[in-house]
Each structure stands twice: as C-alpha cells, then as structure tokens.
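J.: Going by the working numbering, the residue at position 69 of the sequence shown is 731; the numbering climbs one at a time, nothing skipped.
Ideal Cβ positions, reconstructed from N, Cα and C, are used throughout, including at glycine.
On a predicted model such as this, the values are computed, not experimentally measured, just so you know.
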Amino acid sequence: MEINTLALARALHVIGVVLWIGGVAMVTTILLPAVRRLKTAEDQIVLFERLEHGFAWQARFTTLLTGLSGFYMVTVLHAWPRYGMPQYWWLHAMTAIWAIFTIMLFVLEPLVLHKWFQQKAAQNPEKTFRIIQRMHWILLTLSLVTLFGAVSGAHGWLLPL
Ligand code: HEM
Numbered sequence: 663m664e665i666n667t668l669a670l671a672r673a674l675h676v677i678g679v680v681l682w683i684g685g686v687a688m689v690t691t692i693l694l695p696a697v698r699r700l701k702t703a704e705d706q707i708v709l710f711e712r713l714e715h716g717f718a719w720q721a722r723f724t725t726l727l728t729g730l731s732g733f734y735m736v737t738v739l740h741a742w743p744r745y746g747m748p749q750y751w752w753l754h755a756m757t758a759i760w761a762i763f764t765i766m767l768f769v770l771e772p773l774v775l776h777k778w779f780q781q782k783a784a785q786n787p788e789k790t791f792r793i794i795q796r797m798h799w800i801l802l803t804l805s806l807v808t809l810f811g812a813v814s815g816a817h818g819w820l821l822p823l
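1. Is any heavy atom in the ligand HEM found nearer than 8 Å to the beta carbon of residue 765?
2. Assuming residue 789 is part of the alpha helix (DSSP H), what are its boundary residues?
3. Hey, quick one: how far does the alpha helix (DSSP H) through residue 734 stretch, first residue to last?
4. Answer yes or no: do residue 798 and residue 686 have a C-beta to C-beta separation smaller than 9 Å?
5. On a Cα-Cα basis, can you pick out the residue from 738, 784, 697, 721 that is closest to residue 669?
6. Measuring straight from C-alpha to C-alpha, what distance separates residue 690 and residue 663?
7. Taking DSSP as the reference, what is the three-state secondary structure of residue 695?
8. Assuming the contact rule is C-beta atoms closer than 8 Å, residue 674 and residue 731 should be a hit. Round their C-beta distance to whole Å, please.
9. Got a list of residues with beta-carbon closer than 7 Å to any non-hydrogen atom of the ligand HEM, in chain order?
10. Residue 801 and residue 759 - do their beta-carbons sit closer together than 9 Å?
11. Between the stretch 692-704 and the stretch 746-760, are three or more C-beta pairs nearer than 8 Å?
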C-alpha cells in the first residue's frame with residue numbers, strides 16, 4: 663500500500679487543530695471561569711499557573727504539528743499563489759492564527775507574559791483575570807471563524823471574489 667502523504671498531512675493537521683483549538687475552548691469556557699470563582703487571589707493564581715503550564719506545553723507541540731503539516735500541504739498542493747488570492751482569506755487567517763499563537767507560546771509567554779501575569783495578578787487579580795479571559799475569547803472567536811472558512815473553503819465553497 664502506497665502512503666498518501668497529502669491525506670496523512672491533512673489528518674495530522676486536523677488532529678493538531680482539534681487538540682489545540684479544543685484546548686483553547688476548554689480553557690476559555692470552563693477553566694478560566696472556574697479559576698475566577700475561587701475565593702482567594704492566591705488560590706486563583708496557583709491554579710491558573712498550574713493549568714496554563716500544562717496546556718502551554720501541549721499547545722507548543724500541537725502548533726508545531728499544525729504548522730509543519732500546513733506548510734507541507736501548501737507545498738504539495740502548489741498552493742503558494744493562494745496567498746495572493748482574496749477568496750483564500752482562510753489560508754491567510756490560518757497562517758495568522760498560527761503566527762499569533764507561535765509568537766505567544768514560544769516568545770512572549772516565556773520572556774514577557776509570565777512576568778507580566780505575576781506582577782499584575784499580585785496588584786489586581788480581578789482585573790488581570792478579566793483581561794486574560796477577554797484575550798482568550800477573542801482568540802477563540804477568531805479561531806472558530808478561521809475553522810469555518812478552512813473546512814468550507816477546502817471542500818470547495820469559495821467566496822466569488
Ligand atoms: C501555518 C499555518 C497553517 C497553514 C500553512 C495551513 C495550511 C492548510 C492547507 C494548505 C490546507 C488544505 C487546503 C485545501 O485542501 O485546499 C489546510 C486545511 C485546513 N486547515 Fe490549515 N493551515 C495552517 C493553520 C491552521 C490553523 C491555525 C487552523 C485552525 C484554526 C487550521 C485549520 C484547518 C482546517 C480545519 C483545514 C481543513 C481540513 C479539511 O477539511 O480538509 N489550519 N490548512
């Protein structure tokens with residue numbers, strides 16, 4: 663049996679996306695609200711850091727898998743010219759979401775965000791968690807719009823632009 667590398671890359675791409683964006687959905691809709699309901703700021707900070715630490719490592723792996731399989735598909739499909747075509751806005755959106763998360767997880771989180779969180783959470787935990795919750799909602803919404811565009815677009819429903 664010959665290996666269909668395009669189908670393999672597509673399957674790995676979707677597994678990466680499911681684990682990664684599914685994780686973002688879980689953090690946004692269940693975990694963050696639960697953390698914010700804890701009584702003391704100390705408990706909130708400890709639990710948030712523990713959860714975020716575990717998820718950040720998973721998300722680093724899944725963003726790598728999604729990015730590698732994505733660029734592989736662009737190459738095999740000879741799809742680089744799509745970056746110049748507006749009806750493939752979802753390819754731009756996928757790449758942008760991936761770039762935002764990659765910069766956040768590999769650069770900003772270890773270098774800047776972790777310190778920012780500890781400082782701000784010590785000063786004003788309520789406001790800090792509100793900002794974090796809002797950022798998660800924005801990223802989740804953008805990811806879901808992108809998913810809609812990617813699945814419908816990859817299966818032939820392109821805007822007549
Ligand atoms: C570097 C980043 C990425 C690149 C280069 C990339 C590239 C691609 C390519 C080339 C396809 C196949 C399109 C086709 O068959 O015509 C695809 C499919 C898809 N991508 Fe991405 N992608 C990236 C990131 C993402 C992200 C962040 C998401 C989720 C938010 C995502 C979700 C999907 C989905 C759901 C499909 C459709 C799978 C299917 O039903 O066949 N991708 N991607």
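T.: This is what the structure gives:
1. On the sequence shown, position 103 is the one that residue 765 refers to. No, Cβ of residue 765 sits at least 8 Å from all heavy atoms of the ligand HEM.
2. Here residue 789 refers to the residue found at position 127 of the sequence shown. Start and end: 787-816.
3. Within the sequence shown, residue 734 is the residue found at index 72, counting from 1. Note, residue 734: alpha helix (DSSP H), 703-738.
4. Numbered from its first residue, the sequence shown carries residue 798 at position 136. Numbered from its first residue, the sequence shown carries residue 686 at position 24. Cβ distance < 9 Å, so residue 798 and residue 686 count as in contact.
5. Looking up residue 669 in the sequence shown gives position 7. Residue 669 has its Cα closest to that of 738, out of 738, 784, 697, 721.
6. Position 28 of the sequence shown, counted from the first residue, corresponds to residue 690. Position 1 of the sequence shown, counted from the first residue, corresponds to residue 663. Rounded to whole angstroms, residue 690 to residue 663 spans 42 Å at the Cα level.
7. In the sequence shown, counting from the first residue as 1, residue 695 sits at position 33. Note: residue 695 maps to helix in three-state DSSP.
8. In the sequence shown, counting from the first residue as 1, residue 674 sits at position 12. In the sequence shown, counting from the first residue as 1, residue 731 sits at position 69. Right, their Cβ atoms sit about 5 Å apart.
9. 672, 675, 676, 679, 683, 728, 729, 732, 733, 735, 736, 739, 741, 753, 756, 757, 759, 760, 805, 808, 809, 812, 813, 815, 816, 817
10. As a working note, residue 759 is residue 97 in the sequence shown. As a working note, residue 801 is residue 139 in the sequence shown. In this structure, residue 801 lies closer than 9 Å to residue 759 by Cβ.
11. no
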